[in-house]
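*Asks:* Residue 592 in this note's numbering sits at position 576 of the sequence shown, with consecutive numbering throughout.
By construction, the Cβ of each residue, glycine as well, lies at the ideal position given by its N, Cα and C atoms.
Model, not experiment: these values are computed from the prediction.
A single structure is presented below for examination.
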Amino acid sequence: MTTLPQKILPQDLAAAASSAGAAPLLDISNLSVSYSSRGERVRMVHEVSLSIRPGEVLAVVGESGSGKTTTAQAVIGLLAENGQIDGGSIRLDGTDIAGWSPKQFESVRGQRIGLIPQDPNNSLNPVKTIGASLSEVLRIHRWGDKRATRARVIELLTRVGIPEPEVRARQYPHELSGGMKQRVLIASAIALQPDLIIADEATSALDVTVQKRILDLLDDLRAESGTALLLVTHDLAVAADRATRVVVMKDGRVQESGRTERVLGSPRADYTRTLLRDAPSFAAGYRTPRSLPGTLSRDLPGAGETESVPEEVPGIRVTHLVQEFARGRRAEPFRAVDEVSFTVPRGTTHALVGESGSGKTTTARAVVGLVRPTTGMIEVAGQDLAALTGEAARRFRKTVQLVYQNPFSSLDPRQSIAQIIGEPLRNYGRTTAAERAAAVADSLDHVALPRVLAGRRPRELSGGQRQRVAIARALILRPEVVVLDEAVSALDVTVQAQILDLLERLQDELGLTYLFISHDLAVVRHLSHTVSVMNRGRVIESGRTADVFGSPREEYTRTLLDAIPGRTPVTAPVTATPTSPHTP
């Protein structure tokens, strides 16, 4: 009987490097970086020190503004034009590259250091095919002739798990899914076989199953070639699962660093403990939502309809919803939503979960009234959407409101916060300026924002504050139902926890009904009373969140749950006494 070799884990590679006394591949010492702003220099990174050895995974974690991305940009020579290194050293294999010119960095970027950025939509040229983009990387570094370059492109696409690489090489970015586009960025990063790969929030926008496949792929690549990985992330669960060591940053400073199991299992810095407490995707951080009124029985597998609690009118009732989209004159229409049914009792939260393309967002758009269903019935607060026309349809839009994923994109940058929040009232035209001002102030109070922010612009607010503004705008018309489409997925864990707590408080105070769309099952477990799992347009399982997540009946649901990072605590509960923040 043949014995298969065991998969090499990050810890195994790091242990081998450590036992062999390997010198650091990258050694950053006392790095300081500043940016010019309104004629002044603003220090963003303060004397940061860290190192990474061949084959090691080092996670740099922290909230937005912590300096983690700026540190990574300094390593690869991609600081913004107004940024500069004020002091310290960045040694790559013993050579200090901190003072290098852009021309000098071209010799190591790609060949010695590869970069996987966060957003493939902003990183891939939309007018170039995938093959052309990868060929350009190889051509710049004189990989070989056209035939060798084409062969290498196909080899790279195959290596990162893209099916039909010859076909995909001729496609444009918009023709690929988010997961495939991220694989293309990985192919670009490994094209020249670099010694170090920097992954800057490279999986934060992906579904959990796609995220797991991408991280598994990076682990396999490191196991084969001993490539080191600098993982820049705000997701502590990903760091817990994948990193050998962790560096925690806040306000441009290292708060603590050391081996993953020590830092995340027995943190010494208060800030690290705060991150761990607030991270919903971390096993120890799961929170149980308040009790669901009445009784709610679990569905049979695939039935797709949740038995409602004893009440006259539910907040939302969707019955046999079908949503089709045309694909051409002669082609069969694409069925994005297929016979979906669920019921949401008033004052509760129901989640729709699934991978990209599962139909959850299309279902939400139908509930809000942004698309007209092909067949089926949608009732919101007792009103049949199909029966509403004219003024009745206009009045209905006050009943249900939508909060989007990205608050910066959904808020008009030219308007003040007061104008943004008060705009729905102006649209209905039955309030005076004084009444609108009072309503805006009341909405700001509801979402715990200072009234002095009313005169500010969105760019002057943090991400969490902008999302609170979006929620305040949704609430100003006193809706009964709020649809939250990935409303916390773009936020750091601490801000995310604050928004989730806010949503729970508002639900308790105002009796709101939430339809929560998310690919983050840990957040769903925190917030939702009931859940429907969607796959390829169908509801395959639904019921109480605790039942579905605790004992899933469908293999697809189990696959989603198994892909959640950080489900197992790193070590025992946190009890360590704070000491020196930089002691490993």
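Would you say the region 379-389 touches the region 492-504, given that touching needs at least three Cβ pairs under 8 Å?
*Replies:* The answer is yes - the region 492-504 touches the region 379-389, with three or more Cβ pairs under 8 Å.
*Asks:* Indicate whether A295 and G71 have their beta-carbon atoms separated by less than 8 Å.
*Replies:* Translated into positions along the sequence shown, residue 295 becomes position 279. Translated into positions along the sequence shown, residue 71 becomes position 55. It is not a contact, given that the beta carbons lie outside the stated cut-off.
*Asks:* Taking all protein chains shown into account, decide if K197 is buried (16 or more other Cβ within 10 angstroms of its Cβ) or exposed.
*Replies:* Sequence index remark: in the sequence shown, residue 197 carries index 181 (1-based). Result: buried.
*Asks:* Buried or exposed for N443, please, with buried defined as at least 16 other CB atoms from any protein chain shown within 10 angstroms of its CB.
*Replies:* On the sequence shown, residue 443 is found 427 positions in, with the first residue counted as 1. That one is exposed.
*Asks:* Hey, quick one: how far does the beta strand (DSSP E) through T365 stretch, first residue to last?
*Replies:* Stepping through the sequence shown from its first residue, residue 365 is reached at position 349. That run of the beta strand (DSSP E) goes 365-369.
*Asks:* DSSP has F532 in a bridge; who is on the other side?
*Replies:* Mapped onto the sequence shown, residue 532 falls at position 516. Answer by DSSP bridge pairing, in chain order: A367, L500.
*Asks:* So, under 8 Å CB-CB, L531 and I332 are touching, yes? Tell me the CB distance rounded to an integer number of Å.
*Replies:* For the purposes of this step, residue 531 is taken as the residue at position 515 of the sequence shown. For the purposes of this step, residue 332 is taken as the residue at position 316 of the sequence shown. About 6 Å separates the two Cβ atoms, so the contact holds.
*Asks:* Assign Q417 to buried or exposed, taking buried as 16 or more other Cβ atoms, counted over all protein chains shown, within 10 Å of its Cβ.
*Replies:* Walking along the sequence shown from the start, residue 417 turns up at place 401. Q417 is buried by the Cβ-count criterion.
*Asks:* When you compare the CB positions of E502 and S534, do they come within less than 8 Å of one another, or not?
*Replies:* The sequence position of residue 502 within the sequence shown is 486, counting from 1. The sequence position of residue 534 within the sequence shown is 518, counting from 1. In contact: E502 and S534 (Cβ atoms closer than 8 Å).
*Asks:* Could you give the DSSP three-state label for K144: helix, strand or coil?
*Replies:* Position 128 of the sequence shown holds residue 144. Looking at K144 - three-state DSSP - the assignment turns out to be coil, as it is neither helix nor strand.
*Asks:* To the nearest angstrom, report how far apart R343 and S357 are at their CA atoms.
*Replies:* Counting from one through the sequence shown, the residue named residue 343 turns up at place 327. Counting from one through the sequence shown, the residue named residue 357 turns up at place 341. Each residue's alpha carbon lies about 25 Å from the other.
*Asks:* For V540 and T510, what's the separation of their Cα atoms in angstroms?
*Replies:* One-based indexing of the sequence shown puts residue 540 at position 524. One-based indexing of the sequence shown puts residue 510 at position 494. Those two C-alpha atoms are separated by around 16 Å.
*Asks:* Return the CA-CA distance between R238 and T87, expressed in angstroms with no decimal places.
*Replies:* Your numbering for residue 238 matches position 222 in the sequence shown. Your numbering for residue 87 matches position 71 in the sequence shown. Each residue's alpha carbon lies about 22 Å from the other.
*Asks:* Should N551 go down as buried or exposed, given a rule of 16 or more other Cβ atoms within 10 Å for buried?
*Replies:* Against the sequence shown, residue 551 aligns to sequence position 535. Buried.
*Asks:* Between the region 452-466 and the region 479-487, are three or more C-beta pairs nearer than 8 Å?
*Replies:* Because the criterion of three Cβ pairs below 8 Å is met, the region 452-466 and the region 479-487 touch.
*Asks:* Measure how close the beta-carbons of L131 and I214 come, nearest whole angstrom, since I'm counting them as under 8 Å.
*Replies:* Position 115 of the sequence shown, counting from 1, holds the residue named residue 131. Position 198 of the sequence shown, counting from 1, holds the residue named residue 214. So it is a contact: roughly 5 Å between Cβ atoms.
*Asks:* Applying the 10 Å Cβ sphere with the 16-neighbour rule, what's the burial state of T111?
*Replies:* Within the sequence shown, the letter at position 95 stands for residue 111. Per the 10 Å Cβ criterion, exposed.
*Asks:* Comparing C-alpha positions only, which one of L173, D232, R569, P210 sits nearest to R128?
*Replies:* Counting from 1 along the sequence shown, the entry for residue 128 is found at position 112. Closest by alpha carbon: P210.
*Asks:* If I measure Cβ to Cβ from D43 and keep anything under 7 Å in the same chain, skipping five residues before and after, which residues do I get?
*Replies:* To locate residue 43, count along the sequence shown from 1; it is residue 27. Cβ within range, chain order: S67, R107.
*Asks:* Considering only C-alpha positions, which residue in the set D161, R430, Q89 is nearest to G471?
*Replies:* Reading the sequence shown from its first residue, position 455 is the one you call residue 471. Here the closest residue by C-alpha is R430.
*Asks:* For the alpha helix (DSSP H) holding L234, just list the boundary residues, first then last.
*Replies:* The residue you call residue 234 lines up with position 218 of the sequence shown. Its alpha helix (DSSP H) spans residues 224-241.
*Asks:* Quick check on Y572: does DSSP put it in helix, strand or coil?
*Replies:* Taking the sequence shown and counting its residues from 1, one reaches residue 572 at position 556. In this structure, Y572 counts as helix in the three-state DSSP scheme.
*Asks:* Looking only at its chain, what residues have a beta carbon closer than 6 Å to the beta carbon of P581, apart from the 5 residues adjacent to it on each side?
*Replies:* Numbered from its first residue, the sequence shown carries residue 581 at position 565. Closer than 6 Å at Cβ, skipping near neighbours: A253, V254, D257.
*Asks:* Beta-carbon within less than 8 Å of T288's beta-carbon, same chain only, minus the 5 sequence neighbours each way: which residues are those?
*Replies:* The residue you call residue 288 lines up with position 272 of the sequence shown. Taken in chain order, the residues that qualify are V264, Q271, E272, V279, L280.
*Asks:* By the three-class DSSP mapping on this structure, what secondary structure does T87 have?
*Replies:* The residue labelled residue 87 in the question sits at position 71 within the sequence shown. Helix.
*Asks:* Identify, in the order they occur along the chain, each residue of the same chain with its Cβ nearer than 6 Å to the Cβ of R452, setting aside the five sequence neighbours on each side.
*Replies:* One-based indexing of the sequence shown puts residue 452 at position 436. Excluding residues within five positions, the ones whose Cβ falls inside 6 Å are G438, L441.
*Asks:* Roughly how many angstroms separate the alpha carbons of A114 and S48, rounded to a whole number?
*Replies:* Numbered from 1 along the sequence shown, position 98 holds the residue referred to as residue 114. Numbered from 1 along the sequence shown, position 32 holds the residue referred to as residue 48. Approximately 10 Å, taken between the alpha carbons.
*Asks:* In this structure, how does DSSP classify P581 when only helix, strand and coil are distinguished?
*Replies:* Along the sequence shown, read from residue 1 onward, the residue named residue 581 stands at position 565. Reduced to three states, the DSSP call for P581 is coil.
*Asks:* Excluding the 5 residues preceding and the 5 following L493 in the sequence, name in chain order all residues of the same chain whose CB lies nearer than 6 Å to its CB.
*Replies:* Counting from one through the sequence shown, the residue named residue 493 turns up at place 477. Excluding sequence neighbours, L493 sits near K414, P440.
*Asks:* What's the call for D508, buried or exposed, on a 16-neighbour Cβ count within 10 Å?
*Replies:* In the sequence shown, counting from the first residue as 1, residue 508 sits at position 492. Burial call: buried.
*Asks:* Identify which residue in I202, I146, E152 has its Cα closest to the Cα of E180.
*Replies:* The residue given as residue 180 occupies position 164 in the sequence shown. Closest by alpha carbon: I146.
*Asks:* Starting from V64, trace the beta strand (DSSP E) in both directions and tell me its first and last residue.
*Replies:* Within the sequence shown, residue 64 is the residue found at index 48, counting from 1. Per DSSP, V64 belongs to the beta strand (DSSP E) from 56-68.
*Asks:* Strictly by DSSP, which residues pair up with V383?
*Replies:* Translated into positions along the sequence shown, residue 383 becomes position 367. DSSP lists no partner for V383.
*Asks:* Within 8 Å, do at least three Cβ pairs link the region 355-370 to the region 551-563?
*Replies:* Touching, per the Cβ criterion.
*Asks:* Counting C-beta neighbours from all protein chains within 10 Å, is the total for T85 16 or more, i.e. buried, or is it exposed?
*Replies:* For the purposes of this step, residue 85 is taken as residue 69 along the sequence shown, with counting starting at 1. Buried, by the Cβ-count rule.
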